[in-house]
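As numbered in the working numbering, residues 199 to 299 make up the sequence shown, in order. All residues carry an ideal CB built from backbone N, CA and C; glycine is no exception. Notes to accompany the following structure.
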Amino acid sequence: MYCPNCRSEYRAGFTRCKDCDVALVDELPAGDEEAQFIDLVEVLSTADVGQISLIKSILEAEEIPYLAQGENFSLGRNIAVRFLVPKDYIEQAREILSDFL
């Protein structure tokens, strides 16, 4: 069994990917097996929990792909989360976020 999203392999008995929460398939779909690298650019950084949620919502609503780097690392301290977007989306992301922040 395989996850069609992240392509992880699972033993018999599993039905969903634990990371992607999607149904597993018997065979992976044909596709490009090579890793594709995307240039990511920081659009902004914040440690404000409210802003983090707002930024994620805005980017998702506008269908702008992003990486929230450092989101799950705190150790009890407010550590800034860096929002990275593909280089092709940087101007759109900056414009949209400047309207809200």
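Exposed unless 16 or more other CB atoms sit within 10 angstroms - verdict on residue i
| i | result |
| --- | --- |
| L299 | exposed |
| I253 | buried |
| I236 | exposed |
| I277 | exposed |
Selected residue, minimal CA-CA separation from residue i, among the options
| i | options | result |
| --- | --- | --- |
| L265 | L238, C218, D246 and D286 | L238 |
| E269 | A228, L295 and V247 | V247 |
| I262 | K285, Y208 and I250 | K285 |
| A150 | I288, D217, D224 and Q234 | Any answer about residue 150 is impossible in this case: the structure gives the chain only from 199 up to 299. |
Close Cβ partners of residue i (< 7 Å) along its chain, the five nearest in sequence each way excluded
| i | result |
| --- | --- |
| R214 | V220, A221 and L222 |
| R280 | E240, S243, Q267 and G268 |
| R292 | V241 |
| I256 | I294, L295 and F298 |
| I288 | V239 and V241 |
| V283 | L238, V239, V241, I262, P263, Y264 and A291 |
Beta-carbon proximity list for residue i, same chain, < 8 Å, skipping 5 on both sides
| i | result |
| --- | --- |
| L187 | The chain is shown only over 199 to 299; residue 187 falls outside these bounds and no answer can be derived. |
| I250 | T244, A266, E269 and V279 |
| Y208 | M199, Y200, C201, C215 and L222 |
Residue range of the unbroken alpha helix (DSSP H) whose run includes residue i
| i | result |
| --- | --- |
| L257 | V247 to A259 |
| E207 | Run containing E207: none; DSSP gives neither H nor E here. |
Residue range of the unbroken beta strand (DSSP E) whose run includes residue i
| i | result |
| --- | --- |
| Q267 | L265 to Q267 |
Beta-carbon proximity list for residue i, same chain, < 6 Å, skipping 5 on both sides
| i | result |
| --- | --- |
| E260 | I294 |
| C218 | C201, N203 and C204 |
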